[in-house]
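Just below is one structure, and these are the notes that go with it.
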Amino acid sequence: MTLFRKSLVAACLSSAALIPGLAQADDAPPAVQAFLDNLQRQTSAKPAYDSLKVDGSNVTITNLSLTKGAKDNDPALSAKTAEVAFTDIADKGNGLWQIGKATFKNSSVELLGKDTNLTATIPNATAEGWYVRAIPATPSAKDELLSTLTFASKMSSGPISISSQGQTVTIDGIDSTWNGDPVTGTGTFALKVSNVAVPEATLALFDTGNMWKQLGYSGLNFDISTEGDLAPSGDNLAYSFTLSLGARNVGALSVNAAVDNLPVTAYAQMLKDQMSGKGVDFAAMSPQLQGVEIKGGSLRFDDASITAKMLPLVAKMQGMDEKVLLASIPPTVQLTLVQFQNEALTKQAVDAVSRFLADPKSLAISVKPAAPMKVSDFSTLDPTKPGDAVTKLGVTVTANE
2 MTLFRKSLVA ACLSSAALIP GLAQADDAPP AVQAFLDNLQ RQTSAKPAYD
52 SLKVDGSNVT ITNLSLTKGA KDNDPALSAK TAEVAFTDIA DKGNGLWQIG
102 KATFKNSSVE LLGKDTNLTA TIPNATAEGW YVRAIPATPS AKDELLSTLT
152 FASKMSSGPI SISSQGQTVT IDGIDSTWNG DPVTGTGTFA LKVSNVAVPE
202 ATLALFDTGN MWKQLGYSGL NFDISTEGDL APSGDNLAYS FTLSLGARNV
252 GALSVNAAVD NLPVTAYAQM LKDQMSGKGV DFAAMSPQLQ GVEIKGGSLR
302 FDDASITAKM LPLVAKMQGM DEKVLLASIP PTVQLTLVQF QNEALTKQAV
352 DAVSRFLADP KSLAISVKPA APMKVSDFST LDPTKPGDAV TKLGVTVTAN
402 E
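Residue numbers for the sequence shown follow this note's numbering, beginning at 2 and rising by one.
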């Protein structure tokens, strides 16, 4: 696992594991007990705390901890927070509660394993308008999904420091917003991880070829953002999202997609697999996904100076003049796309790449079929006629738009 991936894991654990009401206790209010039941079911770990104080609709938990031993390739987990305070807990009926505000003080997460030694610290974090749902004794797939998702109008982690193998990465904060209906799960969300700062010494650990330093970067600063829209309808979901990874003074890579008729059972299983660290097994889930409709998607790169820095370095590495390298790229793209047997796409791609190289701003590949395509439709496409598939999928390549 790379240091950057470990950083994200620690950040996620910090915001998801260190939440209120994680210890089994007879005196825990229903909302706190609901947190406990859901988190313990998701993590297979039993948390504990020193004390729990209830004052009307307010709850304070001191020295909250969550531990989980190492298993197979998964590292051991130890999460702690000195104090969790909930204010204005309100019963919304049917097993749904709202927490007006939650604050977390002096939190930490430690991962220890055969190839993992990582510690994350979060001095302060808050959540406002946070909903928690008690799961029924015999939950449906939709119950499982809704109890897993986090519905909070606003969440903020504050600064995060992550240390591993003598190196430290800092994050200015993780902030999220949500606007929707906690009863059905319908709503929109946005999340931003601000300024993941990777110093020069840490960057050198995985840049063994010294490429970034040759390009003039002594360190890297990332921003990660995602936006999504979830609309349940019966046993299915309509889901769309945009995910962007932007490195300052480098560029930003963004991906977005929109699907419909995604079974709740499949989406709940995806979340469960991700939380367990297994990764999603799409092959095993293939039978459930045949009716999913793909409405469209795109992959886009926005340049912020990396192209102008990269071209002369690549030309030097290949022992050629930069102008010769630039002239060779469009023909290479053309030869590569010949196999798709679609002259219109080939010409469009060559023109787009040429425009981008002349004035590097943005380059994008989009898929937008005239009508949504079911996953099962892909099996009907003729592999000997890839050009027809390109046309049916509505594949386009654009630059500087």
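Virtual Cβ for every residue (Gly too), placed ideally from N, Cα, C. On a predicted model such as this, the values are computed, not experimentally measured, just so you know.
Measuring CA to CA, which of the options is closest to residue i?
i, options, result
"residue 213", "248, 187, 239 and 226", "248"
"residue 190", "48, 154 and 401", "154"
"residue 202", "180, 166 and 328", "166"
"residue 210", "323, 318, 290 and 183", "318"
"residue 252", "362, 122 and 75", "362"
"residue 225", "208, 172, 264 and 111", "172"
"residue 108", "66, 185, 366 and 286", "66"
"residue 257", "170, 208, 298 and 284", "298"
"residue 160", "49, 174 and 150", "174"
"residue 51", "59, 70, 42 and 83", "83"
"residue 243", "196, 254 and 250", "254"
"residue 312", "305, 323 and 302", "323"
"residue 229", "180, 133 and 222", "180"
"residue 77", "96, 97, 53 and 116", "116"
"residue 196", "223, 218 and 206", "223"
Would you list the one or two residues that DSSP bridges to residue i?
i, result
"residue 301", "255 and 365"
"residue 117", "114"
"residue 91", "99"
"residue 179", "190"
"residue 323", "Residue 323 pairs with nothing; no bridge assigned."
"residue 339", "BP columns for residue 339 are empty, so no partner."
"residue 170", "163"
"residue 374", "295"
"residue 264", "237"
"residue 185", "In DSSP, residue 185 forms no bridge with anything."
"residue 82", "65 and 108"
"residue 52", "63"
Are the beta-carbon atoms of residue i and residue j separated by less than 8 Å?
i, j, result
"residue 29", "residue 40", "no"
"residue 131", "residue 91", "no"
"residue 55", "residue 146", "no"
"residue 68", "residue 79", "yes"
"residue 366", "residue 398", "yes"
"residue 375", "residue 320", "no"
"residue 157", "residue 176", "yes"
"residue 101", "residue 71", "no"
"residue 139", "residue 43", "no"
"residue 188", "residue 231", "yes"
"residue 355", "residue 384", "no"
"residue 307", "residue 373", "no"
"residue 227", "residue 192", "yes"
"residue 183", "residue 97", "yes"
"residue 32", "residue 133", "yes"
"residue 400", "residue 364", "yes"
How big is the Cα-Cα spacing for residue i and residue j?
i, j, result
"residue 24", "residue 315", "Because residue 24 carries a pLDDT of 38, less than 50, the predicted location of this residue cannot be relied on, and the following value inherits that uncertainty. Their backbone Cα atoms lie some 56 Å apart in a straight line."
"residue 63", "residue 368", "51 Å"
"residue 259", "residue 240", "6 Å"
"residue 81", "residue 236", "37 Å"
"residue 26", "residue 34", "At residue 26, the pLDDT of 44 sits below 50, so the modelled position is not reliable; the number obtained from the coordinates is stated separately. Going from the Cα of residue 26 to the Cα of residue 34 covers about 8 Å."
"residue 340", "residue 349", "15 Å"
"residue 142", "residue 46", "22 Å"
"residue 325", "residue 358", "13 Å"
"residue 215", "residue 128", "42 Å"
"residue 198", "residue 220", "8 Å"
"residue 85", "residue 125", "10 Å"
"residue 402", "residue 274", "37 Å"
"residue 394", "residue 346", "12 Å"
"residue 136", "residue 144", "6 Å"
"residue 22", "residue 342", "The pLDDT assigned to residue 22 is 33, lower than 50, so where the model puts this residue is not dependable; a value taken from the coordinates is nonetheless given after this. Looking at the two C-alpha atoms, the distance is approximately 59 Å."
"residue 417", "residue 170", "Coverage of the chain is limited to positions 2 through 402, which leaves residue 417 absent and any answer about it impossible."
"residue 88", "residue 99", "10 Å"
"residue 168", "residue 122", "14 Å"
"residue 396", "residue 110", "44 Å"
"residue 186", "residue 233", "7 Å"
"residue 387", "residue 329", "25 Å"
"residue 391", "residue 377", "16 Å"
"residue 246", "residue 351", "26 Å"
Taking the beta strand (DSSP E) that residue i belongs to, which residues open and close that run?
i, result
"residue 314", "Taken as a continuous stretch (DSSP letters only), residue 314 belongs to no beta strand (DSSP E), being part of the alpha helix (DSSP H) at 307-318."
"residue 39", "Note, residue 39: premise wrong, no beta strand (DSSP E); alpha helix (DSSP H) at 31-44."
"residue 229", "221-234"
"residue 400", "396-400"
"residue 162", "161-165"
"residue 139", "Unbroken run through residue 139: none, as it is neither H nor E."
"residue 385", "Neither: residue 385 is in no beta strand (DSSP E) and is coded neither H nor E."
"residue 154", "152-157"
I'd like the span of the alpha helix (DSSP H) that includes residue i, first residue to last.
i, result
"residue 280", "Segment: none, residue 280 is in no alpha helix (DSSP H) and carries neither H nor E."
"residue 207", "201-207"
"residue 58", "First-last for residue 58: undefined, no H or E at that position."
"residue 353", "344-359"
"residue 214", "212-215"
Under 7 Å: does the beta carbon of residue i sit that close to some heavy atom of the ligand ADP?
i, result
"residue 176", "This structure does not include the ligand ADP; it has no bound ligands of any sort."
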